[in-house]
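All remarks here apply to the structure that follows.
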Amino acid sequence: MFHKETIGSNPCLANILKKTFAWNFLLIEVTAEGQHIARFPAMYVHGTWVSLPHFDHGGLWVDEEAIRLLDIPLPGNDEEAAAFLHRQMMRCIVAFLNRTPLPQGQDHQLKLELSPTEIQQAAPWPKGSVRLQYRSPFRESETAIGGKVMSFLPLPRKETLNPAYFRQEIARKIRRAMRHGLKTETGGVELLDDFYRVYRQNIKELGSFGLPKKFFNNLVNGYTEGDCLLVLVRHEGKPVGAGVLLTWGGAAENAWFATLGRYNHMYASYLLHYALMREAARRGCHTYSMGRSTTGSGVHRYKQQWGTTDQPLFMNATYRQKNPAGLYPKLKGLVKLIPLPLARMADEWLAERVY
Numbered sequence: 086m087f088h089k090e091t092i093g094s095n096p097c098l099a100n101i102l103k104k105t106f107a108w109n110f111l112l113i114e115v116t117a118e119g120q121h122i123a124r125f126p127a128m129y130v131h132g133t134w135v136s137l138p139h140f141d142h143g144g145l146w147v148d149e150e151a152i153r154l155l156d157i158p159l160p161g162n163d164e165e166a167a168a169f170l171h172r173q174m175m176r177c178i179v180a181f182l183n184r185t186p187l188p189q190g191q192d193h194q195l196k197l198e199l200s201p202t203e204i205q206q207a208a209p210w211p212k213g214s215v216r217l218q219y220r221s222p223f224r225e226s227e228t229a230i231g232g233k234v235m236s237f238l239p240l241p242r243k244e245t246l247n248p249a250y251f252r253q254e255i256a257r258k259i260r261r262a263m264r265h266g267l268k269t270e271t272g273g274v275e276l277l278d279d280f281y282r283v284y285r286q287n288i289k290e291l292g293s294f295g296l297p298k299k300f301f302n303n304l305v306n307g308y309t310e311g312d313c314l315l316v317l318v319r320h321e322g323k324p325v326g327a328g329v330l331l332t333w334g335g336a337a338e339n340a341w342f343a344t345l346g347r348y349n350h351m352y353a354s355y356l357l358h359y360a361l362m363r364e365a366a367r368r369g370c371h372t373y374s375m376g377r378s379t380t381g382s383g384v385h386r387y388k389q390q391w392g393t394t395d396q397p398l399f400m401n402a403t404y405r406q407k408n409p410a411g412l413y414p415k416l417k418g419l420v421k422l423i424p425l426p427l428a429r430m431a432d433e434w435l436a437e438r439v440y
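The numbering of the sequence shown is the numbering used here, which starts it at 86 and goes up by one.
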């Protein structure tokens with residue numbers, strides 16, 4: 086199932102990444118017959134344009150309704166049409182970048198005017214194209230890396246959400262979390278310290294490195310055209326779960342989500358998801374994304390018990406990529422042994438290179 090609205094389409098994300106990591110950005114506004122039909126942002130990360138580092142989505146936004154008015158013949162169903170338009174748009178963008186000089190060390194805001202024929206007949210990019218890497222729900226390059234999936238849940242068309250909306254087993258666990266005395270709190274930057282404490286401890290428990298705290302500070306303070314909320318789960322006043330809810334249009338996503346493992350028996354993660362979805366429903370969102378996970382993993386199966394639908398996620402590229410999937414299991418045991426203060430010192434350096 087293809088979801089047209091995702092938070093990756095929010096144009097403010099590039100500014101947040103630039104402020105945090107000092108990456109230069111590229112923004113291409115695409116028009117056809119005088120109509121704005123697409124937008125593509127990317128960040129320049131160590132010789133490669135990337136859309137979008139540290140977020141679960143690429144930044145390509147396509148106005149399918151506007152393109153349909155151009156009388157371009159499209160495949161049968163909506164998902165096939167979306168796949169065709171996304172593929173053709175990226176082919177046009179790569180061809181444009183191949184012929185457009187982009188001096189290093191500066192931002193680029195460009196305009197690309199296309200004809201319906203150019204969109205329809207765009208050819209695959211040649212070898213030696215500009216180095217570009219982007220996430221997409223569609224496999225659009227021979228070198229694409231898959232194995233990831235996004236999980237989505239529909240939200241009720243009403244402001245209030247209660248546990249009875251979910252499957253019986255999920256509702257039972259939400260109520261048990263409440264009986265354990267877990268409570269939720271929603272806010273903004275005033276909750277950042279507690280959020281980050283839980284997030285960073287959870288990342289260590291998983292055997293990975295985290296994003297620097299300044300990234301989340303910039304996210305909370307710089308997110309526009311939607312809501313950015315921090316949601317906590319507390320036990321006796323202590324934060325034991327933390328999530329970031331982002332909204333854009335009718336879409337909501339828990340972009341970062343963490344609970345402390347020793348509180349799993351209290352079903353803290355169930356209450357946290359419930360609180361995030363409740364906030365999304367209050368804001369009129371129709372879809373809640375549980376974020377990406379490895380297909381068939383324990384995290385993926387956890388999401389499926391909520392009744393999610395899956396959308397594949399590919400990392401497409403104009404060059405041959407190295408798949409890091411085999412390296413992570415070998416390293417996470419070592420990362421768990423690194424003292425947290427020392428690991429935090431490495432976060433920013435790694436976040437500028439691994440995304």
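The beta-carbon is built from N, C-alpha and C at its ideal position, and this holds for glycine as well.
Is residue i near residue j, with beta carbons less than 8 Å apart?
{"i": "Ile92", "j": "Leu331", "result": "yes"}
{"i": "Gln390", "j": "Ile255", "result": "yes"}
{"i": "Leu240", "j": "Thr372", "result": "yes"}
{"i": "His131", "j": "Arg368", "result": "no"}
{"i": "Thr116", "j": "Glu198", "result": "yes"}
Under a three-way DSSP split, which group does residue i fall into?
{"i": "Ile122", "result": "strand"}
{"i": "Tyr355", "result": "helix"}
{"i": "Asn79", "result": "Because the chain is modelled from 86 through 440, residue 79 falls outside the range shown and cannot be assessed."}
{"i": "Ala107", "result": "coil"}
{"i": "Gly383", "result": "helix"}
{"i": "Gln389", "result": "helix"}
Whose C-beta lies closer than 8 Å to the C-beta of residue i among residues of the same chain, with five residues either side of it excluded?
{"i": "Asn302", "result": "Val274, Leu277"}
{"i": "Glu203", "result": "Cys177"}
{"i": "Glu149", "result": "Lys89, Ala166, Ala167, Leu170"}
{"i": "Asn408", "result": "Ile230"}
{"i": "Leu345", "result": "Val283, Gln286, Asn287, Glu290, Val325, Gly326, Ala353"}
Between which two residues does the beta strand (DSSP E) carrying residue i extend?
{"i": "His131", "result": "Segment: none, His131 is in no beta strand (DSSP E) and carries neither H nor E."}
{"i": "Tyr281", "result": "Unbroken run through Tyr281 is the alpha helix (DSSP H), 277 to 291; no beta strand (DSSP E)."}
{"i": "Lys268", "result": "267 to 272"}
{"i": "Thr344", "result": "336 to 344"}
{"i": "Trp333", "result": "323 to 333"}
Would you call residue i buried or exposed, if buried means 16 or more other Cβ atoms sit within 10 Å of its Cβ?
{"i": "Thr185", "result": "exposed"}
{"i": "Thr380", "result": "exposed"}
{"i": "Pro426", "result": "exposed"}
{"i": "Thr105", "result": "buried"}
{"i": "Pro138", "result": "buried"}
{"i": "Ala249", "result": "exposed"}
{"i": "Glu227", "result": "exposed"}
Looking at the unbroken alpha helix (DSSP H) that takes in residue i, where does it start and where does it end?
{"i": "His171", "result": "163 to 183"}
{"i": "Asn303", "result": "298 to 307"}
{"i": "Leu425", "result": "425 to 436"}
{"i": "Lys258", "result": "253 to 264"}
{"i": "Ala151", "result": "149 to 153"}
{"i": "Gln206", "result": "201 to 206"}
With a threshold of 6 Å on Cβ separation, who are the neighbours of residue i within its own chain once the five nearest residues in sequence on each side are excluded?
{"i": "Thr454", "result": "The chain is shown from 86 up to 440; residue 454 falls before or after that span and cannot be answered."}
{"i": "Leu154", "result": "none"}
{"i": "Ala151", "result": "Gln120, Ile122"}
{"i": "His145", "result": "Correcting the residue identity first, residue 145 is Leu in this sequence and not His. Result list for Leu145: Phe125, in chain order."}
{"i": "His142", "result": "Thr91, Gly93, Arg220"}
Which residues in the same chain as residue i place their Cβ atom closer than 7 Å to its Cβ, once the five residues preceding and following it in sequence are excluded?
{"i": "Trp443", "result": "With the chain covering only 86 through 440, there is no way to say anything about residue 443."}
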